[in-house]
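Numbered as in the UniProt record's numbering, the sequence shown ends at 483 without a single skipped number.
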Amino acid sequence: MLLKRVDTLTITLILIILFFIYQPLFFGHVKNSINNNNNNNNNNNNNKNNNNNKNNNYYYYNYNIKNNNKNNKNKNNNKNKNSNNNNNNNNDGNEAGLPNLELNSIINEEIIYDDFKSIPIELNENEKIVKDIVMSRECEYVDLVYTWVNGSDPKHFATKQKLKNKSQIVPASSFRDIGTLKYSLRSVRQYAPWIKNIYIITADQKPDWFDSENPDNVRFISHRDYFHNKSDLPTFNSNAIEANFWNLPVQVSNCFLYLNDDIYFSRPVNQSDYFDENFNQVVFTTQDELWTKSENLNKFDQYSKAILFTNRALASVWQEIVIRKFPAHGVQIFNRKIWYKIQEEFGTALEITSSNKFRSILDFQIGHLYNQVAMKHSNCTIKNDSDVLYILLNVDKYDQQLSLVNSSRNQMNTVCLNDGLDFFNNDLQKKFDNTFNYLFPNPSPFEIKPLPFQKNFIFAIIFVLLLLLILKVLITKKKIFIY
């Protein structure tokens with residue numbers, strides 16, 4: 001029988017070689033585990049603050065615009081009579097010339113919405129060039145834009161904690177990263193391959209699974225290059241990010257789709273589902289009617305409050321009382337020319353929303369604002385959201401909800417899986433990944449490729465070699481033979 005002597009030096013050399021080859025995988029695995037533990041700790045801390053808000057999916061706080069716009073400078077404030085009046089009585093430090101709106105005035109419906117008959121945002125030279133180019137061209141193809149943030153990033157979380165007021169309750173689910181973007185991108189390649197370019201707006205972050213050396217058709221846009229007012233940064237307000245859509249880089253197509261990272265295509269879709277042959281767009285709404293004069297805003301959640309606030313402002317600015325409908329929570333279709341119309345007609349509203357670092361009921365709800373301007377000023381088609389499945393994830397119903405996502409394949413155009421979980425752990429993450437790896441099994445070209453060998457197999461080899469080395473050390477005066 002052949003005897004093989006296991007030499008200590010040989011084992012050590014093998015371990016060193018394997019370490020240098022596979023250490024990125026090993027430390028990546030460790031890093032993810034550490035991040036998951038940190039996320040769980042952060043979630044537990046946030047859960048203590050959220051016990052009184054379990055039925056709410058947005059955070060609430062008393063907010064005063066005049067305290068949040070000190071760094072904004074509106075060079076056209078002399079054109080705004082209300083701003084002049086505020087400046088004459090100025091003892092609040094408002095340098096922006098923006099209306100000083102109190103929370104109580106919103107709830108009591110005493111707000112003067114004429115404040116939002118606003119001055120167009122003053123553009124710098126580069127922004128003027130981009131606008132001229134966009135206004136002179138037509139839609140030729142369709143791009144896709146995401147907004148994404150890794151709220152699980154410790155640096156991002158620390159900055160958010162530092163800036164928020166004690167009265168602001170920010171649930172971890174608002175910006176927690178559970179890997180939704182990766183699967184949403186897979187769904188695009190699987191069901192909407194006609195989309196040309198993909199742009200991801202982010203705070204100088206990239207997912208750890210993204211291969212920067214092979215980006216394919218994906219490009220990242222930094223908040224620093226995207227926000228008109230740099231003083232609005234950093235921001236933790238999705239409305240503020242969306243309020244700057246008019247200022248996208250010139251490379252982005254005039255016609256583009258907008259997705260949150262928690263929205264997925266669930267069956268094949270065509271460009272004709274969103275645009276006609278002349279690139280006239282579709283506007284998606286729900287069946288729920290939105291009245292300008294509603295009951296007290298306190299009965300609504302933050303999302304609905306922002307829509308009602310926007311609707312009342314539209315009624316005042318346009319001097320019309322009409323029944324509108326809520327925007328659908330799915331794919332949003334945008335045309336950049338309409339965005340410049342919004343920038344001209346509602347510049348003050350966009351600047352106020354952009355300046356709010358956290359969500360406020362004084363935010364304009366951008367999807368609703370865009371839909372109404374598009375319906376008023378363009379030749380669009382209005383459709384209901386019957387092809388959208390919206391699910392607010394709940395820990396108690398988690399398994400059933402994931403099963404519903406699975407069964408909805410080929411039944412709905414899109415699925416929105418909103419993170420409303422009170423906590424998130426490795427077990428929930430595993431179930432989530434299993435579901436979406438089944439639905440979208442093909443990795444995108446820009447995902448980091450797995451190593452040639454399976455991770456578990458490599459770790460098993462290292463573990464066996466370590467055991468052999470330990471045995472060698474323990475039995476110092478004997479030679480170990482493997483028969």
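Even glycine gets a Cβ: it sits at the ideal position worked out from N, Cα and C.
One question on the structure: do residue i and residue j come within less than 8 angstroms of each other, judged by their Cβ atoms?
| i | j | result |
| --- | --- | --- |
| Cys380 | Asn254 | no |
| Pro120 | Glu351 | no |
| Lys162 | Phe358 | no |
| Tyr274 | Ile333 | yes |
| residue 514 | Thr348 | Nothing in the structure corresponds to residue 514, since the chain is present only between 1 and 483. |
| Asp276 | Phe446 | no |
| Ala203 | His223 | yes |
| Val142 | Gln271 | yes |
| Asn239 | Ala306 | yes |
| Tyr199 | Val145 | yes |
| Leu257 | Val373 | no |
| Val250 | Ile178 | no |
| Phe326 | Ile361 | no |
| Asn418 | Leu392 | yes |
| Asn406 | Thr435 | yes |
| Ser378 | Asp232 | no |
| Asp427 | Val395 | no |
| Arg324 | Leu290 | yes |
| Ile340 | Trp209 | It should be noted that the sequence gives Tyr, not Ile, for residue 340. Cβ distance not < 8 angstroms, so Tyr340 and Trp209 don't count as in contact. |
Alpha carbon to alpha carbon, what distance is there between residue j and residue i?
| i | j | result |
| --- | --- | --- |
| Ser403 | Thr285 | 26 angstroms |
| Asn217 | Trp194 | 12 angstroms |
| residue 484 | Leu389 | Because the chain here runs from 1 to 483, residue 484 falls outside it and cannot be looked at. |
| Asn47 | Glu242 | Confidence at Asn47 is low in this model, with a pLDDT of 44, below 50, so the placement of that residue should be treated as unreliable; the coordinate-derived value is given next. Going from the Cα of Asn47 to the Cα of Glu242 covers about 28 angstroms. |
| residue 495 | Lys449 | Because the chain here runs from 1 to 483, residue 495 falls outside it and cannot be looked at. |
| Val283 | Phe463 | 57 angstroms |
| Asn384 | Ser266 | 17 angstroms |
| Pro443 | Arg186 | 7 angstroms |
| Pro268 | Tyr183 | 15 angstroms |
| Tyr264 | Val149 | 17 angstroms |
| Ser316 | Phe432 | 45 angstroms |
| Ala328 | Lys230 | 30 angstroms |
| Met135 | Asn335 | 11 angstroms |
| Gln302 | Gln365 | 10 angstroms |
| Tyr288 | Gly367 | The residue you asked about is not Tyr; residue 288 is Asp in the sequence shown. If I take the Cα positions, the gap works out to 15 angstroms. |
| Gln429 | Asn437 | 12 angstroms |
| Pro207 | Trp318 | 43 angstroms |
| Asn126 | Arg219 | 20 angstroms |
| Asn371 | Lys196 | 24 angstroms |
| Tyr191 | Pro215 | 19 angstroms |
| Phe279 | Ile201 | 24 angstroms |
| Tyr398 | Val130 | 45 angstroms |
| Arg137 | Glu122 | 22 angstroms |
| Arg176 | Leu471 | 45 angstroms |
| Gly420 | Arg189 | 27 angstroms |
| Met375 | Ile342 | 12 angstroms |
| Ser304 | Thr235 | 21 angstroms |
| Gln401 | Asp262 | 14 angstroms |
Give the range of the alpha helix (DSSP H) segment to which residue i is assigned.
| i | result |
| --- | --- |
| Val283 | Looking at the DSSP string, Val283 is not in any alpha helix (DSSP H); the run it does join, the beta strand (DSSP E), is 282-290. |
| Arg186 | 180-191 |
| Phe440 | Note, Phe440: premise wrong, no alpha helix (DSSP H); not H, not E. |
| Tyr274 | Unbroken run through Tyr274: none, as it is neither H nor E. |
| Leu314 | 302-318 |
| Glu125 | 125-136 |
| residue 486 | In the structure as shown, the chain begins at 1 and stops at 483. Residue 486 is therefore absent and cannot be evaluated. |
| Phe423 | Run containing Phe423: none; DSSP gives neither H nor E here. |
| residue 489 | Because the chain in this structure spans residues 1 to 483, residue 489 falls outside the shown range and cannot be described. |
Taking the beta strand (DSSP E) that residue i belongs to, which residues open and close that run?
| i | result |
| --- | --- |
| Ile200 | 198-202 |
| Leu257 | 255-260 |
| Ile263 | 263-265 |
| Val415 | 414-418 |
| Tyr146 | 142-147 |
Answer yes or no: does any C-beta atom of chain D fall closer than 8 angstroms to that of residue i?
| i | result |
| --- | --- |
| Leu469 | No chain D appears in the structure shown, which is made up of a single protein chain. |
- request: Write down every uninterrupted run of the beta strand (DSSP E) in the stretch 328-407 whose length is 3 residues or greater and which is fully enclosed by it, in chain order.
  value: DSSP runs (the beta strand (DSSP E)) wholly in the stretch 328-407: 332-335, 381-384, 388-392.
- Residue ranges of each beta strand (DSSP E) run of no fewer than 3 residues wholly in the stretch 214-253, ordered along the chain? For the stretch 214-253, whole beta strand (DSSP E) runs of length 3 or above, ordered along the chain, are 218-222.
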